[in-house]
Amino acid sequence: MRETTMSDRELRVVPLHQRWELVDACAELLNAQWTRSHGARVHSLRQSCPAFPVCLLLLRRHPLDVGTPDALLGHARLSRVLGSRSLFVESVVVSQAERGKGFGRALMEEVEAFARTKGYTRLCLTTHDQQYFYAHLGYVLSTPVQNVGNLGNIMPTELLHKFCRTLDVTPYRDAKGMGIFWMHKDI
316 MRETTMSDRE LRVVPLHQRW ELVDACAELL NAQWTRSHGA RVHSLRQSCP
366 AFPVCLLLLR RHPLDVGTPD ALLGHARLSR VLGSRSLFVE SVVVSQAERG
416 KGFGRALMEE VEAFARTKGY TRLCLTTHDQ QYFYAHLGYV LSTPVQNVGN
466 LGNIMPTELL HKFCRTLDVT PYRDAKGMGI FWMHKDI
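First residue of the sequence shown? That's 316 in the working numbering, and the numbers climb one at a time after it.
So, in structure tokens, the structure goes:
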């Protein structure tokens, strides 16, 4: 994977399934934003694989000490979207201590680059409160899509289509009644 274009050349994005030793730190990062049991979080993270879903980690190498472990700065999960050359981006988070420093943008730019190298042409996502951040990166309001998650690895696509139902009701709400902004970006 390519290095980021930020001035901090020590940043890189790697799939979690290439760095399993970071799974617990990744679970802690995600649970700091969205609380879930540690066991359930680790189980979900361990689904990361080359065939999707894939969890991408934003890491920073220590510039002076090669023996120091990489610092985990951020995470994003990519899953295939049913019936298209699109990926669904979820669980995008940057460490609380590192927010406001451009790492969210760097992570999303690397997510886009990763998707392009795999032949995907659109990224889709939902957000409750970060629509302005994503709009600044070029995402626009969209309609719902069906995220395949890890079912794509265990169930034929034709069967998944039979279960697919898309909501056409607006405004979109989650199970708790909170508004959801569906967005996409052609990459």
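Built from N, CA and C at the ideal position, the CB exists for glycine as well. Note that this is a predicted model, so its numbers are computed, not measured.
For residue 424, the enclosing alpha helix (DSSP H) starts and ends at 418-432. According to DSSP, residue 439 shares a beta bridge with 403 and 499.
Ranked by Cα distance from residue 452, the options 427, 411 and 392 are led by 427. Taking every protein chain shown into account, the CB of residue 389 has 16 or more other CB atoms within 10 angstroms, so this residue is buried. In the three-state DSSP reduction, residue 338 falls in the helix class (H, G or I). Residue burial annotation: residue 436 is exposed, with fewer than 16 other C-beta atoms found within 10 angstroms of its C-beta. Taking a cut-off of 8 angstroms on C-beta distances, the segment 436-447 does not touch the segment 331-344, as fewer than three cross pairs fall below it.
Going by DSSP, residue 361 is part of no beta strand (DSSP E) at all; its letter is neither H nor E. Around residue 357, the same chain offers 338, 339 and 342 as residues with beta carbons nearer than 8 angstroms, after the five sequence neighbours per side are excluded. C-alpha of residue 373 to C-alpha of residue 349: approximately 18 angstroms in a straight line. The shortest CA-to-CA distance from residue 387 to any of 418, 363, 362 and 369 is the one to 418. If you check the CB distance, residue 500 and residue 454 come in under 8 angstroms.
Distance between residue 406 and residue 392, taken at the CA atoms: about 6 angstroms. Each of 410, 333, 442 and 368 was checked against the Cα of residue 401, and the nearest Cα belongs to 368. Ranking 384, 365 and 456 by CA distance to the CA of residue 332 puts 365 first. When the alpha-carbon of residue 334 is set against those of 363, 347, 423 and 359, the nearest one is in 363.
Ranking 462, 445 and 433 by CA distance to the CA of residue 502 puts 433 first.
Between residue 496 and residue 442, the CB-CB gap stays under 8 angstroms.
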